[in-house]
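J.: Dumping the structure here so I can ask a few things about it.
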Amino acid sequence: MAHARRGGGGEVNVPDLRAADTRSRATAEGLLAEWSVFIDFDGTISREDVGIHLLDRFVAGRYETIDARYEDGTIGSRQYVRELWGVLAGVDRGELLRAAREVPLDPGLDPLLAFLDAGGAEVSVISDGLGFYVHDLLAGRHVTVRANQVDDLDRPGFPFADPSCPCGLCGTCKASPLRDARRRGRRTAIVGDGTSDRFAVGEAELVFAKGRLVDWCTKDSVPYLAFEGLADVLGAFRELSAGRHGRRPARPAAAGRRRGDSPGTSGPGRSGPDLRDR
Ligand SMILES: [Mg+2]
Ligand SMILES: [Zn+2]
């Protein structure tokens, strides 16, 4: 959840997203209807990590060690969220929710959701953070939400944990719904910025990454499309559904690209995702 930084707008270098037989498809709807798109919440939909915003506001100096242990892999997110809620236990829930609402959402969210919805794609928001604000901040939008919960006793609940998953330690397993979608024959995409998204990229045909997720993809040799904001993701899906050629990057981006650098496409030994029919 750490490393939430604001990013500016930017244009993604979209690789050749045209499927070889795209022209035979009558409509863009026909193409996106195959896709299940999973979008992280904190730092991806919200412009900064809402959890970190709340922790900084209410319990600064008391959570950083927990955060560092999660980011370095010492504890999984289930334990992480439990410990964070332990620190937050004395803070009024209404105050937390009011503070959460101060965090702006990416202005590209609604155009992206509208486009994916019109194209027939399935869209899910997957969040492995503090969780309690996700439904509230997304109110009125046509998306499935999978997030950690907190009951009245300030006890975190993990309705979307998956004990059978190799990742094992996550509060909300991000790999599990992508794996399920693949089993249903869906094409999968994930949009994310953080450590929890790392566990899902192996199940995704198309990975949009920024922030810490770029580092993980680089480390794990996972091809990804760098993005700065959700408008970039919309641009890529627009290209995909239109069957247009995008601009191929001249070469893969340098390893360790960070948000704030000019966005591009990266991936060892690969210029972009292969979106042709399997
Ligand atoms: Mg995130
Ligand atoms: Zn899992």
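For the sequence shown, this note's numbering assigns the number 357 to the initial residue and increments by one for each residue that follows.
Just so you know, even glycine gets a beta-carbon here, dropped at the ideal spot from N, CA and C.
Since this is a predicted model, take the numbers as computed values, not measurements.
1. Just mark His491 as buried or exposed, buried being the case when its beta carbon has 16 or more other beta carbons within 10 Å.
2. Which residue's Cα is closest to the Cα of Glu478: Glu595, Leu453, Leu387, Val570?
3. Helix, strand or coil: how does DSSP classify Thr430 here?
4. In whole angstroms, what separates the C-alpha of Leu453 from that of Thr551?
5. Quick check on the DSSP output: what are the complete alpha helix (DSSP H) runs of length 4 or more inside the stretch 479 to 567, in order along the chain?
6. So which residues touch the region around ligand 2, with touch meaning a C-beta under 6 Å from any heavy atom?
7. Under the three-state reduction of DSSP, which class applies to Val589: helix, strand or coil?
8. Any heavy atom of ligand 1 inside 7 Å of the beta-carbon of Thr544?
9. Whole angstroms are fine: how far does the CA of Gly475 sit from the CA of Ala598?
10. By the three-class DSSP mapping on this structure, what secondary structure does Ala582 have?
11. In the DSSP assignment, what residue or residues form a beta bridge with Trp391?
12. How is Asp635 classed by DSSP in three states: helix, strand or coil?
13. Do Thr544 and Glu561 have their C-beta atoms closer together than 8 Å?
14. What is the DSSP secondary structure of Ser577, reduced to helix, strand or coil?
15. Using the C-alpha atoms, what's the distance from Leu411 back to Phe583?
16. Between Gly591 and ligand 1, is the CB less than 7 Å from at least one heavy atom?
17. What would DSSP say about Asp423, mapped onto helix, strand or coil?
18. Could you check whether the Cβ of Asp473 sits closer than 7 Å to any heavy atom belonging to ligand 1?
19. Let me know the secondary structure DSSP gives Asp473 once reduced to three states.
T.: Walking through what the data contain:
1. With fewer than 16 other beta carbons inside 10 angstroms of its own, His491 counts as exposed.
2. When C-alpha distances from Glu478 are compared across Glu595, Leu453, Leu387, Val570, the shortest belongs to Leu387.
3. In the structure shown, Thr430 sits in coil (DSSP, three-state: anything other than H, G, I, E or B).
4. When rounded, the distance between both Cα atoms is 24 Å.
5. For the stretch 479 to 567, the continuous alpha helix (DSSP H) assignments of 4+ residues that do not extend past its boundaries occur at 490 to 493, 531 to 539, in sequence order.
6. In chain order, the residues positioned with their C-beta nearer than 6 Å to some heavy atom of ligand 2 are Asp518, Cys521, Cys523, Cys526, Cys529, Ala531, Ser532, Phe555.
7. Secondary structure of Val589 (DSSP, three-state): helix.
8. Every heavy atom of ligand 1 is 7 Å or more from the Cβ of Thr544, so no.
9. Here the alpha carbons of Gly475 and Ala598 stand approximately 11 Å from one another.
10. Ala582: strand per DSSP, three-state reduction.
11. Paired residues: Arg543.
12. For residue 635 there is no data in the structure shown, the boundaries of the chain being 357 and 634.
13. Against a cut-off of 8 Å, the Cβ pair of Glu561 and Thr544 comes out as a contact.
14. The answer is coil: DSSP assigns Ser577 none of H, G, I, E or B.
15. Taking the CA atoms as reference points, Phe583 sits about 26 Å from Leu411.
16. Gly591: no, Cβ never under 7 Å from ligand 1.
17. Looking at Asp423 - three-state DSSP - the assignment turns out to be helix.
18. Result no, Cβ not under 7 Å from ligand 1.
19. Note: Asp473 maps to helix in three-state DSSP.
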